[in-house]
Amino acid sequence: MKARLPTLVTLLAVGVASACSDATAPGSTTVSPSVTVAPSPNALNVARGDSVSMMFDMPMDTASCRSRFTLHMGDSTGAAVAGRMRYGNGYQRMMFVPDSLLRPGTRYFVHMRDSMMVGNGTGGMSMMGRQHLMMVMMLTQPPAGATRMSDGMGWSFTTGN
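Laid out in structure tokens, this is it:
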């Protein structure tokens with residue numbers, strides 16, 4: 152019996168350790184969500200007061216989306232536009248609302264980087280209320296007209312006068 156007790160304790164310790172690592176390891180599963188965007192890629196005469204929205208087929212973690220979204224003036228290297236995020240439809244719709252009207256007749260580039268967390272809108276990686284298995288979204292299939300980039304996806308639109 153003495154020889155079996157250390158083996159049993161070792162197996163129990165390994166089981167507990169693996170269960171804990173599965174429960175707390177962010178990014179343990181990767182998913183590729185379906186996404187639709189507005190304004191549509193290459194859209195012209197977009198209203199200067201429009202928001203930029205993305206609709207996913209699963210709920211998102213708000214903090215990871217906020218940190219991975221940028222609206223640039225011009226192209227992907229242009230100045231970032233100031234604004235705030237809003238969420239709807241059970242955290243499946245993300246809307247970027249600029250702080251002021253967009254400039255007339257200007258090209259804008261939307262950039263959404265990979266590695267957003269799937270979540271329930273908790274706004275962070277807190278342990279409270281967190282799912283046992285964190286999933287990371289990779290934007291491998293951008294909507295028609297959007298571009299797959301090395302670190303996510305992007306698309307352009309131009310405002311009206």
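In my numbering, the protein residues as written are 152 to 312.
Think of the CB as a built atom: it goes at the ideal place given N, C-alpha and C, for glycine as much as any other residue.
So what's T309 in DSSP terms, helix, strand or just coil?
-> strand
Option in G229, M304 and R235 with minimal Cα separation from Y259 = G229
Which one or two residues does DSSP pair with S204 in a beta bridge?
-> A189 and M246
Would you check if there are 3 or more beta carbon pairs closer than 8 Å linking the segment 238-247 to the segment 201-214?
-> yes
Near S227, what residues of its chain come up, given a Cβ to Cβ distance below 8 Å and the 5 sequence neighbours on each side ignored?
-> F260, H262, M300 and G305
Does DSSP put A214 in a helix, in a strand, or in coil?
-> helix
Using a Cβ-Cβ cut-off of 6 Å (strictly less than) and excluding sequence neighbours within five positions of T291, which residues of its own chain qualify?
-> S183
G225: first and last residue of the uninterrupted beta strand (DSSP E) it sits in | Unbroken run through G225: none, as it is neither H nor E.
Same chain only: Cβ atoms within 6 Å of S266, ignoring 5 sequence neighbours per side | V287
Mind checking which residues open and close the beta strand (DSSP E) that includes T298?
-> T298 to M300
Using CA coordinates, which residue listed in H223, V269, T309 and G239 is at the minimum distance from V232?
-> H223
Would you kindly work out how many angstroms separate the C-alpha atoms of R199 and A189, rounded to a whole number?
-> 13 Å
Assign A295 to buried or exposed, taking buried as 16 or more other Cβ atoms, counted over all protein chains shown, within 10 Å of its Cβ.
-> exposed
May I ask you to list the residues that DSSP assigns as paired with V261?
-> L222 and W306
For Q243 versus P293, is the C-beta spacing smaller than 8 Å?
-> no
Give every residue of the same chain whose Cβ lies closer than 8 Å to the Cβ of L195, excluding the five residues on either side of it in the sequence, and list them in chain order.
-> F308, T309 and G311
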